[in-house]
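Report on one structure; see the data block that follows.
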Amino acid sequence: MGVTRLKRKEARNRVKAINEAKTIKRLKHVILVKSPHKGTSGIVLEDQQG
-3 MGVTRLKRKE ARNRVKAINE AKTIKRLKHV ILVKSPHKGT SGIVLEDQQG
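Under the working numbering, residue 46 is the last one in the sequence shown; the count climbs by one each step, no gaps.
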């Protein structure tokens, strides 16, 4: 009986650890979006429109 409980506990802990790792990876993931104005550094955008 004790072995079965330990196996169940081990399975639960493994699932929790996997889910925790997934959550940490998801929360730490940063999406980098390139700026559309990267090449126009120092230029006032209002001047470009007209």
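Here a beta-carbon is modelled for each residue, glycine too, at the ideal position from N, C-alpha and C.
Residue range of the unbroken alpha helix (DSSP H) whose run includes Leu2: Gly(-2) to Lys24
C-alpha gap between Ala7 and Glu16, whole angstroms: 14 Å
Cutoff 8 Å; reference Arg1; Cβ partners in own chain excluding five residues on either side: none
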